[in-house]
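Read the structure below first, then the notes.
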Amino acid sequence: MKMIQANNLFKSFGTHTVLNNVNLEVKKGEVIVIIGPSGSGKTTLLRCFNGLEEIDSGIITIEGEIFSQRDQSKKDMVSLKQKRSIAEKLGMVFQHFNLFPHKTVLENIIEAPLTVKGMKKSDAVLMGETLLDKVGLLDKKNSYPSKISGGQKQRVAIARALGMSPDIMLFDEPTSSLDPELIGEVQKVILDLAREKMTMLIVTHEMRFAKEVADRIIFMDEGKIIADEKPSKIFDNPEHPRIKTFIDKITTRQSNFQD
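Residues in the sequence shown are numbered from 172 upward in steps of one, following my numbering.
What follows is the structure, given as structure tokens:
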């Protein structure tokens, strides 16, 4: 089953083209990791998939339903109500955690199920506690975000996204704002989701993690997908010189940092 299908996506900010004729298919249970230099369109692509950014033209289909369709007139042919309904199938985790500082960890997780889905409080609390246990933070359920570490905040953000029972998870540089010693605890949660066959798209600069978690690697440069391959092909035998240069540079930098 195709969970996401993107056809001929174009997106510009002013005169700068950010997505340039992007085509992509994501099947159920696949983990797709998107890599590439800064400014290549990776984050914008994710944000178009959940409606945080609007495409200029092209078609985005989520689980067989058209989520966004624009022609050269740039008029979206999908109603806002329909878009909101479809968008609930996707959860997104950002670089920064965006937790409500005045709410406890548990309250952060149950807020959307209560207000958006109308879930009963008792059911929401049970669900929230189950998810906190899943990410190893049940003992922090009554803590406030200011009292937990960055890695713990990101794990809460993942649990919060899962609280809406999405079919697809989008991760935008989920470890980029964390101290190095906290990265592993967040990556473990994502690896566990991969083992459970959660459909995921992950933007990351962590090459070792990308190689470990991905079924496919998408390499983007200047708004285009220039490779869509198995991790072994991208990392061990890249055909495109741009990919080889990027991977050599970033893996050398990460190795030096870790040493």
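Just so it is clear, CB atoms sit at the ideal spot from N, CA and C, and this is done for glycine as well.
For L341, the enclosing beta strand (DSSP E) starts and ends at 339 to 343. Across the structure, T301 and F220 are spaced so that their CA atoms are roughly 28 Å apart.
Apart from the 5 residues on each side of it in sequence, L349 sits with its Cβ closer than 7 Å to the Cβ of G321, G322, Q325, V357 in its chain, given in chain order.
Secondary structure of S256 (DSSP, three-state): helix. Taking one beta carbon from each stretch, the stretch 382 to 400 and the stretch 205 to 216 have 3 or more pairs nearer than 8 Å; the two touch. Note that the stretch 222 to 236 does not touch the stretch 396 to 408; fewer than 3 beta-carbon pairs, one per stretch, sit closer than 8 Å. L190 is bridged by DSSP to K182. Residue environment: D304 is assigned as exposed (fewer than 16 neighbouring CB atoms within 10 Å of its CB, all protein chains considered). In the three-state scheme derived from DSSP, where H, G and I count as helix and E and B as strand, I281 is classed as helix. Assignment of Q266 by DSSP, reduced to helix, strand and coil, places it in the coil class. Note on geometry: alpha-carbon atoms of L190 and M172 lie some 25 Å from one another.
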